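Quick note on numbering: numbering that gives the first Met the number 0 labels position 306 of the sequence shown as 305, and the sequence is numbered without any gaps.
Here is the structure we will look at, set down as structure tokens.
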Amino acid sequence: MISVQNALEIIEKTSRNYGSETISLEAAANRILSTTVYATINMPPFRQSAMDGYAIRQTTRIAFNVIGESKAGDANNFSLNADEAVRVFTGALVPDDADTVIMQEHVEREGEKIQINTMPKKGANIRNTGEQISKGNLALAKGTRLNSAAIGFLACLGIAEVSVFTLPKVAIIVTGNELQEPGKNLPIGKIYESNASMLSAALGAIGILDVQFCKVEDDFTATKEAIASKLLENDVVLISGGISVGDYDFVRKALVELGVEELFYKVNQKPGKPLWFGKKDTTFVFGLPGNPASALTCFYVYVLPLLRDLGGYGKTGLEKVSAKANFSFHNKSGKTLFLKAYLGNDSVDLLDGQSSAMLHTYAKSNALACVDANTVNLSVGDIVECLKFDF
Ligand code: AMP
Ligand code: MG
0 MISVQNALEI IEKTSRNYGS ETISLEAAAN RILSTTVYAT INMPPFRQSA
50 MDGYAIRQTT RIAFNVIGES KAGDANNFSL NADEAVRVFT GALVPDDADT
100 VIMQEHVERE GEKIQINTMP KKGANIRNTG EQISKGNLAL AKGTRLNSAA
150 IGFLACLGIA EVSVFTLPKV AIIVTGNELQ EPGKNLPIGK IYESNASMLS
200 AALGAIGILD VQFCKVEDDF TATKEAIASK LLENDVVLIS GGISVGDYDF
250 VRKALVELGV EELFYKVNQK PGKPLWFGKK DTTFVFGLPG NPASALTCFY
300 VYVLPLLRDL GGYGKTGLEK VSAKANFSFH NKSGKTLFLK AYLGNDSVDL
350 LDGQSSAMLH TYAKSNALAC VDANTVNLSV GDIVECLKFD F
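Following this line, the structure appears as structure tokens:
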């Protein structure tokens, strides 16, 4: 049995490959750029009016003749004399001969003549070519997360496809004779299968939608075959249940026979003691405990940082937040505890239903309170490290 810290270090140090793919910009929200993007155009591409008004060449005069109109999208580059103005609108091309745009609010117009009330500074109300970014300059660096603004920025540069880190392909295998699909009748002795939908919801929340599912009975051959097929096609295989020491727990034996290298088995923690981690070729395998709360806690603590890293997001697990305990706790187990908790502004409450089989309070929690294996007594007001759910 190894410590939580040790288990996390083993996962972090296990070598991995980062793939990349080219996808349409529309599909790239929240993904991570795998190459730096440079602007292939100036933005703005031409001198634009920033206002509805009149383009002129600045002089001391205040009266001008309006000789034409340039609205957004027009291409006409009017030639202007010193006493001439062009009616322009926001986003429209400003004629090369003009150096200033006067807001229409500062102009009196009669027929095709205007008189200016307030003359702005030379260059006013014009967005210069390349003012936002010039052709050839760095637009967004490799490693940038494509938030909504980044997607918009790349679109305004005319970019329709981007190269991003691939998201890992994940398989979920649930094991257990007792598992019945939700929506069907529940015969005596059976329970509804909940880990597949729970884990798949967690995967979906971090953008991983390419998920394969498989359910197997507690049977060695079936377990081995299911794992073998999922190993081939996925970057990460999550197996739920069957990893303890019961007579019908076949997952570990199957993994060993399939040549998946065991990198650790059993962690000094509660819940989730029988957690198993290994790798075959480029595929990572987690043997998660079957108890739903254990499976989810192991996902948050161990699986999430690996998945995020594979997707280019860095080795980022849940956010760590220190908070004052609103509870006292006696940790006689000698294990690191991950407790279902509710994090307030600067303090944290413990929830009922800490059993690893229970999800009813987990469903209302927003954090896990972590009690270190060496902490025996925790008093009200002591600082507790919490892992805050960010999805
Ligand atoms: P196991 O790790 O296979 O010994 O399972 C531990 C407990 O978790 C047992 O009570 C199982 O019935 C339950 N369990 C295992 N897999 C699931 C699942 N996919 N959905 C809900 N409960 C499960
Ligand atoms: Mg089982």
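Glycine included, every Cβ here is placed at the ideal spot set by N, Cα and C.
None of these values were measured; they are calculated from a predicted model.
Subject >> Cβ-based neighbour list, residue 233, same chain, cut-off 7 Å, excluding 5 preceding and 5 following >> reply: 168, 169, 170, 211 and 282
Subject >> Bridge partner(s) assigned by DSSP for residue 195 >> reply: None, per the DSSP bridge assignment.
Subject >> Bridge-paired residues (DSSP) for residue 172 >> reply: 213 and 238
Original post:
Does the ligand MG have even one heavy atom less than 8 Å from the beta-carbon of residue 260?
Top reply: no
Original post:
Would a C-beta distance cut-off of 9 Å place residue 4 and residue 126 closer than the cut-off?
Top reply: no
Original post:
Which one or two residues does DSSP pair with residue 336 in a beta bridge?
Top reply: 269 and 370
Subject >> Alpha-carbon to alpha-carbon, residue 252 and residue 240 >> reply: 13 Å
Original post:
Hey, would you say the C-beta of residue 237 is under 8 Å away from at least one heavy atom of the ligand AMP?
Top reply: False, no ligand heavy atom lies under 8 Å from that Cβ.
Original post:
From what residue to what residue does the beta strand (DSSP E) around residue 99 run?
Top reply: 99-102
Original post:
Could you check where the beta strand (DSSP E) with residue 21 kicks off and where it finishes?
Top reply: 19-23
Original post:
Under 8 Å from any heavy atom of the ligand MG, does the C-beta of residue 301 make it?
Top reply: no
**OP:** Report yes if the C-beta distance between residue 88 and residue 74 is below 9 Å; otherwise report no.
**Re:** no
Subject >> residue 252: first and last residue of the uninterrupted beta strand (DSSP E) it sits in >> reply: Segment 250-256 is the alpha helix (DSSP H) holding residue 252; no beta strand (DSSP E) there.
Subject >> Heavy atom of the ligand MG within 8 Å of residue 174 beta-carbon >> reply: yes
Original post:
To which residues does DSSP link residue 278 through a beta bridge?
Top reply: 260 and 283
Original post:
Based on the DSSP output, what are the partners of residue 178 in its beta bridges?
Top reply: 190
Subject >> Boundaries (first-last residue) of the alpha helix (DSSP H) holding residue 308 >> reply: Per DSSP, residue 308 belongs to the alpha helix (DSSP H) from 303-309.
Original post:
Any chance the stretch 317-335 sits against the stretch 361-376, with 3 or more Cβ pairs inside 8 Å?
Top reply: yes
Original post:
Can you tell which of 301, 199, 191 and 77 has its C-alpha closest to the C-alpha of residue 356?
Top reply: 191
Original post:
Does the count of Cβ pairs from the stretch 13-27 and the stretch 39-57 closer than 8 Å reach three?
Top reply: As far as the Cβ criterion goes, the stretch 13-27 does not touch the stretch 39-57, which means the pair count is below three.
Original post:
From what residue to what residue does the beta strand (DSSP E) around residue 150 run?
Top reply: No beta strand (DSSP E) contains residue 150, which is instead part of the alpha helix (DSSP H) from 147-155.
Subject >> Three or more C-beta pairs below 8 Å linking the stretch 90-99 and the stretch 117-131 >> reply: yes
Original post:
Buried or exposed: which applies to residue 30, given that a residue is buried once 16 or more other Cβ atoms fall within 10 Å of its Cβ?
Top reply: buried
Original post:
So does residue 404 have its beta carbon nearer than 8 Å to some heavy atom of the ligand AMP?
Top reply: Missing from the structure shown is residue 404; the chain here goes from 0 to 390 and no further.
Subject >> In DSSP terms, what residue 42 is bridged to >> reply: 132
Original post:
Excluding the five sequence neighbours on either side, which residues of its own chain have a C-beta within less than 6 Å of the C-beta of residue 68, listed in chain order?
Top reply: 86
**OP:** Check the DSSP bridge columns for residue 52 and list the partner residues they point to.
**Re:** 87 and 102
Subject >> Euclidean distance between Cα positions of residue 381 and residue 324 >> reply: 6 Å
Original post:
DSSP state of residue 376, grouped into three classes?
Top reply: strand
Subject >> Among 22, 109, 37 and 173, the one whose alpha carbon lies nearest that of residue 166 >> reply: 22
Original post:
How is residue 5 classed by DSSP in three states: helix, strand or coil?
Top reply: helix
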